[in-house]
Structures are given as structure tokens and as C-alpha cells.
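There are 2 protein chains.
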Amino acid sequence: MGKAGFGKLMSLSEAKELALSNAPELGTESVPVSEAMGRVLAGPVSIGIDVPHFAKAAMDGFAVRAQDTFGASETSPLRLRLVGHVTPGVILERAVGPGECIEISTGAPMPRGADATLMVENTETQGEEILVYKTIAPGQNFIKAGSDIAAGSSLFGAGEELRPRHLGVLVAAGLREVEVRRAARVVLMSTGDEILSPGEPLAPGKIYNINSTTLGESLRAFGCHVRDLGVVRDESGAVKEAISSALEDADIVMLSGGSSLGRGDFVPEIMAELGTLLFHGIAVKPGKPTALALAGSKLILGMPGYPTSALSNYYIIVEPILEKMSGRKVRKNYTSARMKRKVLSTVGRYQFLPVKLEEGAAVPVMRGSSSITTLAIADGFVEIEENVEVVEKGATVSVRLF
Amino acid sequence: MGKAGFGKLMSLSEAKELALSNAPELGTESVPVSEAMGRVLAGPVSIGIDVPHFAKAAMDGFAVRAQDTFGASETSPLRLRLVGHVTPGVILERAVGPGECIEISTGAPMPRGADATLMVENTETQGEEILVYKTIAPGQNFIKAGSDIAAGSSLFGAGEELRPRHLGVLVAAGLREVEVRRAARVVLMSTGDEILSPGEPLAPGKIYNINSTTLGESLRAFGCHVRDLGVVRDESGAVKEAISSALEDADIVMLSGGSSLGRGDFVPEIMAELGTLLFHGIAVKPGKPTALALAGSKLILGMPGYPTSALSNYYIIVEPILEKMSGRKVRKNYTSARMKRKVLSTVGRYQFLPVKLEEGAAVPVMRGSSSITTLAIADGFVEIEENVEVVEKGATVSVRLF
């Protein structure tokens, strides 16, 4: 058939290093706090106001001048005049003068003059007076303005992923917008005349486009903006045109199919025409027919057509690239397990081995890279490094959970 | 001030048990596969077609009748007539007859008559003939129809959370819709005249509504449909009206603020009027002023107003309720650490202790439940069970990571 082979395959570590050193770090943008969940901070956040913004009571009771309680005890109570009450959200004109107190609820602004809150349990109300049964110190049950966050301070740092507890702080500080790393824009397309879009009527010899779903949903879950062009006609001109046009507004153009060596597998050639081909063919199993090119500051990724290979390469190649570009680290969950049976591997080739966990044992479930069920029935995968020839039955392995 | 206290507080375990035994399991609904990411399967999925739908080649090479290769070897090749070629997506009329072969690409439908694919490496093409250098068996490099999934089989099971690898299978099987558990509809509201909506201009004595963000984003991240009513006027009639109206289309009505015992804390009374009050006041620190009522099959949850308490109770009370209702289990990440300093707790009271991880040590960072920064600077929390009085410095604790 007269085709050139892949030639010498690149090792996974070399391919990743090349990908990571060429992948651009995305810039930043300002987004409303209400849309910032899951986004990655561009840098520390400057807080412009005191939080809380005013001194307030930490307890229900009476706002007092602490010195007016000095000497009070269960056996010799002191008397204070009750001159008002204050609830949350209300600012009193009236100050607390010598010998006076003001009834206060938790969270209400401390009236001027008061420097402590006497708990209701330590008092007894008698008409317009209260009896004070306890001596308290200045500052007691008194939350100072700025005690949680002082105006002018900065919080968090670059790379922090914004979760509900961070967003709460931004809201408390009155921020409306926050500077975050830009999300990667990815354009997806598939090649292959046998490929149908999901939901199209099935025809003989045709198969559904699985990769746009598995890759697309994985990218969205990472936080990327994904535009799916669907199936592009399996013809060199059409594919080149689609990639060129996609490069205009994408950070990554990702193709699936067409990077193997069969008829119509012209994608790597097009990639080399549109940019610099960094690799084509990596020493991994499955997932060998994978290609990466750099076009200006954009990446073109040629992913394998086989669904298991496309998704396994998402984990081992694409995810690290996205982490670099976005500054966001995915939380990876690992568990330790004993290998249920002996597994052979080829020296010089990294193996992605899907496994199911059964009673603490890792059971290999690889059904071939053309099987779409392999990953769906697996609980995670074991990474067999390239210098490993055999993983013995009973050996302890680290399983990355899906 | 003449107020009743909480009376005897309910233990967390009792409160959770009561909540879980009363929380309804939500029903199911059909959603498009393209919108099913993260949803929870209602039950096994029935597959109506064979996957793959047709027999195909696993390799580039020649589709042959295996018997025609019997006896072929490097030293005594056999000859076959090359009568056509087939690529993916194409159905050939022509069958492979005795002594014939058809060139085939990986993934292309096997022509009728052929029962194996001879790899191109084991052949040599000479004009209209090929030389066969290897004997192969029927079924070799031949992917049978239905070998991945047989029509009529069912896959997965109730409670499976749909991830990209599952959605790929649904697409491959030609499914357009999938039956999933319904997502919980939650209506959020906050009470308190001192509360401003995020982004409103700050006024003296006022604070921003933090809980609608922290609770709302946590609920959304779980997969709930959240409708946020914002701040409801701190008046019994207005709050009762808002809850009644929200109950019409919510599974859970969640209030924050107003369940403590200060002035205007009438929420538990209203909850008791609209349903059965299951508890009010739980023996946890922070988060004591928490109330739950059952109104028909709906829940009314009164959460503390303090932001740390509201969010800590999300983890210890609300999340288990959502898990029960939705059938979805949250992946909880734990790490083991040594406690950096001695921590005292009260017997009979569960303590939620936020900690920061520093060089393998868990450093308590609790700044009081009114502090909004406490959880934001923490990496996770330690749960101090109610029967524990002291956690010694250096003790090994399990930290649930945020």
C-alpha cells in the first residue's frame, strides 16, 4: 500500500514536555463574581473595605461602656439606665453615655460610646433599668470593624480556584467583578465519512460520533468553551479549510480521527502545513496515532479516532496541556490496589490500562481500543511506565479513579 | 428579654437520621443525552442496537476467507485475486469469493464472504493479485457486530453518575434520551433587614448577603436547580408568604438567618405552622440554630445566618439530604494529618473544625462563626464527634478536603 509508517515514535514523557513547553499560558479577563464559580484567580484580590464594615455585637444583650460594669458581681450588682434598643441594620443616633446601656441584638451595629456587649444572661431588667451581675472587659462580645478583613489587604493568590467559600468572601467585600484566567476556547471536529452525528438515523456501515461527546464533555467539565463543528468531510481541502477557519477564534483546534496511517489520514500533513508539527505518533498504548502542531500561539491536536484511545489521551496529554494553559489543577483521585492478574507491557511504550476495582483488586478490563465500553465499565486506570515490562499478579498499583 | 432558649438540642446523628428518613427520593425524568452530563441514571439503560452495528476490520489489510490462506507461509506464499477495496462508511455490493480478496481499511465494513483481515505486513501486492505470506484463522482482525454491546442487553445501573465515558456509550448506541433522577429544585431566601444583595451600594450597618452565594453555588455544583429570591423583608407575614409560595414549585425551601433566638427570629414558628418541625437547634459547633420542617413531601430548611455556620451545615446536613434525594454520591476527599495543637470540644456536641494543612499538620483556623474568611483560608475540616472531649496535639486526624 506504499505508506510510510510512523517512524520512530516519541515517548510520552518527551511528547508531554514538548506539548507543555509550547502550550501558551492564557491571559486574564474580568468576570462578574456571580459567574466566577470554578474560575482560576489571576492574582491576589484587593479588598477595598473593612469586613465587617462596622463594629457590631457578637451576642444578644446590652451595649455598655465596660468601665461601668467594673466591680459588678452576682452578690453586688450595678445599675445601668436602659436608653434604647438597636437591631441589625439600624444605626442609632443615640450614644451610650456614662451609666447607660442600650439593648442590642447579635449583629447589630454597636452604638457610639459602647465598647462591649453584656450578655443578657448576666443581667436582670427592671423597668427602665438593668441590673448588671458581671464585670466585663472592653472589647468583650464586640466585633471590631475590619476584624475579619482590613480594608487595603489582599487575599488569596494566583491559581486559586474559586469555590463557594471564596466567592462568599468576594461578595462580603462588595466586589462585583474578579480578574480570572481566561478559559480555553476549543474547537472540536471529527473526520471520517463513516461518522454520523449523534441522533442521526443509523445507516449501514456508519458509526456515531462518540468523540465529540466524550472529548467535548471532558473539556466542558474542565471549564473550556467548546464549539463542536461535528463531522467534517473526509477530504484534505475541506479539513484544511475547517482547521484554518477554526484557528481564528480558538486556542486549541482538536480533531479526532484521521491521524492514523490509513487512506485519507492526511491530517498530520495538513497540521504541518498550518504550523510546526511537534510530534506525530507517540509510544503509548492505546493512543499511538496522536499528533500535535503549534500554529502561532495556537495548538492543533490530532486525536485518535478510536474512542478509548481518544479519551485515554485526553487524560494523559490534553489534561496536562489544559492545566498549563489555564493555571488550574485538576484534583486527581488515586487508590491503591493489588493487580488481579499479571500484565505484560512493552519496554519503551507507556500503557494506559483501564481497570475495574473488585474487593481491593485492580482487574484489567481493556477490550481493545475500538471498544467504547472499555472505559465506561472501568473505575479508573493504571499507568504502566515505559520502562516496565511486566506488572506481576498481586503487585500493588496506584489506580487513578475516573 | 423573656425568650425561650433552644431547650434540649438534638444531636447531629439524630438530626441527620430524622432528615434522611423524611427527605423524599426524587422521581425520574427523560433528558437528551447531550444534556445528561453529571446526571444520575434512574436504572439500567437498554441498548436497542448492536455496537458495532456491523462487522468491521480491526486492521488495514485485505478482507479474505481465512480458509484461502491455510498453508501460506513466508517460504510458500499463496495467491489471491484483488477484486476491490473498501473504506469506512462504504458498503460493497461485491462479496469475497473463493480465491479472492478485497483491500480494506481499519473500521471499514467487512465485505460479505470474508471472515478475517490479513494484515498488509503479511502480503505483497503484484498488480491484480496479492501474495499471502501467512496463514490466518477465521475471525482474525475481524470485529463482530455486537461484540462491544449486543442489541437487547442493558448497561450500567441505577445511581450511576453519567460521565463522558458513559455518555459516549449512549451516543454509540444511538440513544437520544436517557432516564435520570430529577434534580432537586431549591428556592433560596435570606431574612434580615441588615442584608444587602451582592453589588448593592454599601450602607452603614448593612452587610452583604453571603449565604445566597455560598449556599447557592454549592447547591448548583451539586446539580440542583436554584432559584434565589434574595432578601425577604424581616417580618413574619412576608416570610410566611414567601415560603408558602416557594413550596409550590420547590423540593427544598432554604432560608438563611432568622432561626436563632433574637428579635425577629420567627422562622421556626412559621416552619411549624407550614409543616411538621422535625428539629430546631442541633448540638453542633458552629451551626446550632438550624431547623428542619417537613411540609407534605417538601423540606423547609432554616439555616444559620452566620456564613461559616451556614456553609459548614451545608456539608454536614444539606449534602447528605441531597444525596438521599438525588441518588448521587459526592466524592469526598480525605487526607490524614497530625493535629498541630490541642483542641478542646464539648462532650455531647459535634464540632466542625476548619483546618489549614501545613507540612502534613492540620492547623485549626476557626475565627468564629461570624468570620467569612474562616472557610476560605481553610483547606478542609476535621469532624470532632460528639463523644470526644479533646483532640491532643499530634493526634492523627482525618481531614475532609474542600
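Protein sequence lines correspond, in order, to chains A and B.
1 is the number of the first residue of the first sequence in our numbering; add one for each residue after it.
403 is the number of the first residue of the second sequence in our numbering; add one for each residue after it.
Note that beta-carbon positions come from the ideal geometry of N, C-alpha and C, so glycine has one too.
| Item | Value |
| --- | --- |
| Nearest to residue 121 of chain A (by Cα), restricted to the options A:137, A:132 and A:313 | A:132 |
| Residue 188 of chain A versus A:60, A:26, A:213 and A:288, residue with shortest Cα-Cα distance | A:213 |
| As assigned by DSSP and simplified to three states, the class of residue 418 of chain B | helix |
| Residue 619 of chain B, DSSP secondary structure in three states | helix |
| Contact list for residue 141 of chain A against chain B, beta-carbon separation under 8 Å | Those within 8 Å of residue 141 of chain A in chain B number zero; the least Cβ separation is about 11 Å. |
| Whole-angstrom distance between residue 343 of chain A and residue 399 of chain A, CA atom to CA atom | 14 Å |
| Distance between residue 423 of chain B and residue 208 of chain A (C-alpha atoms, nearest Å) | 44 Å |
| Short-range partners of chain A found in the region 756–778 of chain B, where Cβ spacing is below 8 Å | 769, 770, 772, 773, 774, 775, 777 and 778 |
| With 16 other Cβ atoms within 10 Å as the buried cut-off, status of residue 328 of chain A | buried |
| Residues in the region 164–187 of chain A having any Cβ partner in chain B nearer than 9 Å | 164, 165, 166, 167, 168, 169, 170, 171, 172, 173, 174, 175 and 176 |
| Check whether residue 706 of chain B and residue 683 of chain B have beta carbons under 8 Å apart | no |
| Cα-Cα separation between residue 660 of chain B and residue 104 of chain A, rounded to whole angstroms | 16 Å |
| Residue 447 of chain B vs residue 558 of chain B beta-carbon contact at 8 Å | yes |
| Contacting residues, own chain, Cβ-Cβ under 8 Å from residue 413 of chain B (five flanking each side not counted) | 684, 685, 750, 752 and 788 |
| Of the listed residues B:612, B:462 and B:756, nearest to residue 601 of chain B (C-alpha basis) | B:612 |
| Assigned exposure category for residue 17 of chain A - 16 Cβ within 10 Å defines buried | exposed |
| 8 Å Cβ cutoff, residue 206 of chain A in contact with chain B | yes |
| Where residue 795 of chain B falls, given that 16 or more other Cβ within 10 Å makes a residue buried | exposed |
| Buried versus exposed, by CB contacts within 10 Å (16 or more), residue 249 of chain A | exposed |
| Coarse secondary structure for residue 446 of chain B, derived from DSSP in three states | coil |
| Beta-carbon proximity of residue 403 of chain A to residue 778 of chain B, cut-off 8 Å | Only positions 1 to 402 of chain A appear in this structure, which leaves residue 403 of chain A out of reach. |
| Minimum Cβ-Cβ distance from residue 600 of chain B to chain A less than 8 Å | yes |
| Chain A contact residues for residue 657 of chain B, given Cβ-Cβ distances below 7 Å | Within 7 Å Cβ-Cβ: nothing; residue 657 of chain B doesn't reach chain A, min ~16 Å. |
| Unbroken stretches of the beta strand (DSSP E), 3 residues or longer, contained in the region 511–561 of chain B | 518–521, 525–528 and 531–534 |
| Closer than 9 Å at the beta carbon, the chain B residues around residue 333 of chain A | 733 and 735 |
| Meets three-Cβ-pair contact criterion under 8 Å: the region 702–717 of chain B and the region 758–765 of chain B | no |
| Ranges of the beta strand (DSSP E) found wholly within the region 584–614 of chain B, counting only runs of at least 3 | 587–593 |
| Rounded C-alpha distance that separates residue 458 of chain B from residue 539 of chain B | 16 Å |
| Completely contained beta strand (DSSP E) runs for the region 224–261 of chain A, where each covers 3 or more residues | 225–232 and 252–256 |
| Residue burial classification, residue 736 of chain B (beta-carbon count within 10 angstroms, cutoff 16) | exposed |
| Cβ pair residue 454 of chain B, residue 516 of chain B closer than 8 Å | no |
| Residue 206 of chain A burial status per 10 Å Cβ neighbour count (16 or more: buried) | buried |
| Residue 375 of chain A, DSSP secondary structure in three states | helix |
| Outcome for residue 573 of chain B when other beta-carbon atoms lying within 10 angstroms are tallied against a minimum of 16 | buried |
| CB contact below 8 Å: residue 466 of chain B versus chain A | no |
| Residues near residue 812 of chain B in its chain [Cβ-Cβ closer than 8 Å; skip 5 each side] | This structure leaves residue 812 of chain B out entirely; chain B is present only between 403 and 804. |
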